[in-house]
Each structure stands twice: as C-alpha cells, then as structure tokens.
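Asks:
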Amino acid sequence: MGFSNRWAGLEKGQEPNGPGPNPWPKRTPHPWQPIPPEPRLGSSHSCFHGLSQAATQLMAFSLGSTPVVVASDPQTAREILTSEHFANRPIKQSAKQLMFSRAIRFEPNGPYWRLLRRIASAHLFAPKRILAYESGRQLKCAAMLSAICKEQSLHGFVALRKHLQVASLNNIVEIVFGKWYHPVHDFHEAKELHEIVRDGFELLGAFNWCDYLPWLKYFYDPFRTDERCLVLALRVRKFVERMIEEHRGRRPVNLSDKSDFVDVLLSLHGEEKLNEEDMVAVLW
C-alpha cells in the first residue's frame, strides 16, 4: 500500500479524501483525525475495526493504486449509490481483458454508456418485451422444478445451485441470442456456453494483486489470471461472433417484442449502430 499515494490521485501536500488510515509515507492528518496505532502483522483487521468505530459514516483508504470508500451509514450509502460522482468504479484487470470495459456494467459514465443504457431500456428491459417472454420463463421454471424433483427422487437430496444456474442461463440465452438449448440435442454448445460463463465469473471474482499494484503483472501472476483471461476472451469472441453471423444469415428480420437482443443490435442505424467489437462486449 505504500506506493498508493500518487497512483490514487493524492499529490504531495494534498490531504486524504476522508477519514481513514494515514498513507505511507506519513503526512500530517486531518485535525479531527486521530493517528491510529500502527497495524502489526496479524492485527490489520483490529486496526480497521477501530477506525470504523471512529469513522461511523465514511472511511477512505487505498488498496495499492485503488482508492476505496467504505460507507457504514445507510444514508451515506444511499447518497453514494445515487450520486453521479460515484458512477465510475475502478475496473479489474480481468474485466478489461474479458472486454467488459466496453459493456454497460463497467463502462465509465459518458456518451457511450448513456447510449448503451438507452438501448437496454428501450429494447431489453421494456415492459412489453419482458411480458413477451413470460411464457418462456414459465416453461423454464417448470423444467427446473421437474429436474429438481427427479434429482430428489434419485439421490434423496438436491444441489439447488446448478438448477438455478441452468434456468437463469437458459432465460438469458433466449432473450439475448433467441435460443433455448435442448439438454440432449444441443448438449455440446450448451456445455461450451456454461463453461465460458463459469470461467468468466471465476476470473472476475478472483483476487488479483495486479488490480491494486499494476506493475506486478509484468513478473508476478501466480494464478495465471492474465493467461486464462486471454484464452477465455478468444473463446468468448469466437462464440459470440458465431451467434452474430447466424443472425446475419437469416436476416432481414421484422423486429417485434419477441425479437432477441442480437437482432435488435443488428437493426440499429446511425449514431446508435455499434461496431462488432462493441457488440461482442455488450452481448457477452
């Protein structure tokens, strides 16, 4: 954490953004901020606990180059979640490599993000479109309950997570790609998509020191996160581009409330039209 001052936007002589641990090397703290006891090995959690008791509403510190704000008060948290000043978040290295930097979740607030939000609001989350897929959701729910009952009968217990994941993934695939994978006839393609999604969640959620100390990525990657992200990004690009080409091959399509999201993106014109690179990122 000692290298975080300048990376986190704290110039020489500039005070920290709020109450929290003093950076290293030390500077004069705020007049109202007591200097906490130096954390010893194994007692960092105690130090942070003590600071959280003093800074009951807001606490700021840095994890390497990443500035962190901790809100322990409901009103303060509400202001953070509804303020445009906190709209942008530091993006993880894995998210960049997996093309999420151009998707709506990680894209910084700006013209491109507002375009994606407008497209999603009008074509993905519109009430008529959600209602149009109601019958499909009911069928998937019935199939999930049937699979749960079958597993309970065979084994006497149920691993519920996998059933929820399959139902959720099938629902998303139908809305985005216009597909519903049959467990037998479409086994290989469904298995490939499941592996891609599983690996993506794993890499996005994995702890990576390079997110906080970027220079480490040049010589320290014990979990091969960088290599695994590059391999997965190639699989994702190949899979999504294949879906896009399938949709292009059966066009023209008259858009309706049941048109999938790929057809919607391919139908956009003018300023709303996305290039293929951005389409892959948005669909993935």
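In this note's numbering, the protein residues as written are 775 to 1058.
Every residue gets a Cβ at the ideal spot worked out from N, C-alpha and C, and that includes glycine.
#1: At a cut-off of 7 Å, would you count Gly930 as near the ligand ATP, judging by its Cβ distance to the nearest heavy atom?
#2: Which residues share a DSSP beta bridge with Thr840?
#3: What do you get for Thr999, buried or exposed, if any count of 16 or more other CB atoms within 10 angstroms of its CB means buried?
#4: According to the Cβ coordinates, are Val1005 and His1021 closer than 8 Å?
#5: According to the neighbour-count rule (16 or more other Cβ atoms, all chains shown, within 10 Å of its Cβ), is Tyr992 buried or exposed?
#6: Going by the DSSP bridge assignment, what does Leu832 pair with across the sheet?
#7: Taking the C-alpha atoms as reference points, what is the distance between Val1010 and Leu928?
#8: By DSSP, does Met873 sit in helix, in strand, or in coil?
#9: Just to confirm the assignment, what range does the alpha helix (DSSP H) spanning Ile970 have?
#10: Helix, strand or coil for Trp798 per DSSP?
#11: Decide yes or no for the touch test of the stretch 978-991 against the stretch 835-846: beta carbon pairs closer than 8 Å, at least 3 of them.
#12: So Ala869 and Leu978 are supposed to be a Cβ contact under 8 Å. How far apart are they, rounded?
#13: Going by beta carbon distance, what residues of the same chain come within less than 8 Å of Gln871, once the five residues before and after it are set aside?
#14: Apart from the five residues just before and just after Asp973, which ones in its own chain have a Cβ nearer than 7 Å to its Cβ?
#15: Once the 5 residues before and after Ala851 are set aside, which same chain residues still bring their CB inside 6 Å of it?
#16: So, under 8 Å CB-CB, Leu858 and Gly910 are touching, yes? Tell me the CB distance rounded to an integer number of Å.
#17: Under 8 Å, do Ile878 and Ala894 count as touching if we go by C-beta distance?
#18: Distance, Cα to Cα, Trp1058 vs Leu934?
#19: For the alpha helix (DSSP H) containing Leu919, list its first residue and its last residue.
#20: Classify Asp1034 as buried or exposed, calling it buried when 16 or more other Cβ atoms lie within 10 Å of its own Cβ.
#21: Among the candidates Glu1015, Phe1013, Arg1016, Glu976, whose CA atom is the shortest distance from the CA of Phe997?
#22: Can you check whether the CB of Val1056 is closer than 8 Å to the CB of Leu890?
#23: For Ser875, which residues in the same chain have their Cβ closer than 8 Å to its Cβ, ignoring the five residues on either side in sequence?
#24: Going by other Cβ atoms of all chains shown within 10 Å of its Cβ, with 16 needed for buried, is His823 buried or exposed?
#25: Using 10 angstroms around the beta-carbon of Lys936, count the other beta-carbons present and answer buried if the total reaches 16, otherwise exposed.
#26: Which word fits His962, buried or exposed, when buried means at least 16 other C-beta atoms lie within 10 angstroms of its C-beta?
#27: Run the CB neighbour count on His956, radius 10 Å, all protein chains shown included, and call it buried at 16 or more, exposed below.
Replies: Reading from the atomic positions:
#1: Ligands displayed in this structure: none; no statement on the ligand ATP is therefore possible.
#2: The count along the sequence shown starts at 1 and reaches residue 840 at position 66. Leu837, per the DSSP bridge assignment.
#3: Locating residue 999 in the sequence shown gives position 225, counting from the first residue. When all chains shown are included, Thr999 counts as buried.
#4: Numbered from 1 along the sequence shown, position 231 holds the residue referred to as residue 1005. Numbered from 1 along the sequence shown, position 247 holds the residue referred to as residue 1021. Not a contact, by the Cβ cut-off of 8 Å.
#5: As a working mapping, residue 992 is identified with position 218 in the sequence shown. Tyr992 is classed as exposed because its beta carbon has fewer than 16 other beta carbons within 10 Å across all chains shown.
#6: Within the sequence shown, residue 832 is the residue found at index 58, counting from 1. The secondary-structure analysis by DSSP pairs Leu832 across a beta bridge with Ala845.
#7: Taking the first residue of the sequence shown as position 1, residue 1010 is located at position 236. Taking the first residue of the sequence shown as position 1, residue 928 is located at position 154. About 35 Å.
#8: Counting from 1 along the sequence shown, the entry for residue 873 is found at position 99. In this structure, Met873 counts as coil in the three-state DSSP scheme.
#9: Counting from one through the sequence shown, the residue named residue 970 turns up at place 196. 961-979 is the extent of the alpha helix (DSSP H) around Ile970.
#10: On the sequence shown, position 24 is the one that residue 798 refers to. Low per-residue confidence applies at Trp798: pLDDT is 45, beneath 50, and the placement is therefore not dependable, though the value from the model is reported in the following sentence. In the displayed model, Trp798 falls within coil according to three-state DSSP, outside both helix and strand.
#11: Here the stretch 978-991 makes contact with the stretch 835-846; the two share three or more CB pairs at distances below 8 Å.
#12: Residue 869 sits at position 95 when you count from the first residue of the sequence shown. Residue 978 sits at position 204 when you count from the first residue of the sequence shown. 6 Å between Cβ atoms; contact.
#13: Here residue 871 refers to the residue found at position 97 of the sequence shown. Hits under 8 Å: Asp1000, Cys1003, Leu1004, Ala1007.
#14: The residue labelled residue 973 in the question sits at position 199 within the sequence shown. Correct list, in chain order: Leu1006.
#15: Locating residue 851 in the sequence shown gives position 77, where the first residue counts as 1. The residues are Ala845.
#16: Looking up residue 858 in the sequence shown gives position 84. Looking up residue 910 in the sequence shown gives position 136. In the sequence under discussion, the amino acid at residue 858 is Glu, which differs from the Leu named in the question. About 36 Å separates the Cβ atoms of Glu858 and Gly910, ruling out a contact at the 8 Å cut-off.
#17: As a position in the sequence shown, residue 878 is number 104, starting the count at 1. As a position in the sequence shown, residue 894 is number 120, starting the count at 1. It is a contact, given that the beta carbons lie within the stated cut-off.
#18: By one-based count along the sequence shown, residue 1058 stands at place 284. By one-based count along the sequence shown, residue 934 stands at place 160. Take the alpha-carbon of Trp1058 and the one of Leu934: they are about 25 Å apart.
#19: The residue you call residue 919 lines up with position 145 of the sequence shown. Leu919: member of the alpha helix (DSSP H) spanning 908-929, first to last residue.
#20: The sequence position of residue 1034 within the sequence shown is 260, counting from 1. Looking at its Cβ environment, which holds 16 or more other Cβ atoms inside 10 Å, Asp1034 is buried.
#21: Within the sequence shown, numbered from 1, the residue matching residue 997 stands at position 223. With distances taken between Cα atoms, Phe997 lies closest to Glu976.
#22: Locating residue 890 in the sequence shown gives position 116, where the first residue counts as 1. Locating residue 1056 in the sequence shown gives position 282, where the first residue counts as 1. Between Leu890 and Val1056, the CB-CB gap stays under 8 Å.
#23: On the sequence shown, residue 875 is found 101 positions in, with the first residue counted as 1. Contacts found: Ile865, Ala869, Glu881, Ala1055.
#24: To locate residue 823, count along the sequence shown from 1; it is residue 49. His823 sits exposed, since fewer than 16 C-beta atoms from the chains shown fall within 10 Å of its C-beta.
#25: For the purposes of this step, residue 936 is taken as the residue at position 162 of the sequence shown. Lys936 should be labelled exposed.
#26: Your numbering for residue 962 matches position 188 in the sequence shown. Result: exposed.
#27: Here residue 956 refers to the residue found at position 182 when the sequence shown is read from its first residue. An exposed status is given to His956, since fewer than 16 other beta-carbon atoms sit within 10 Å of its beta-carbon.
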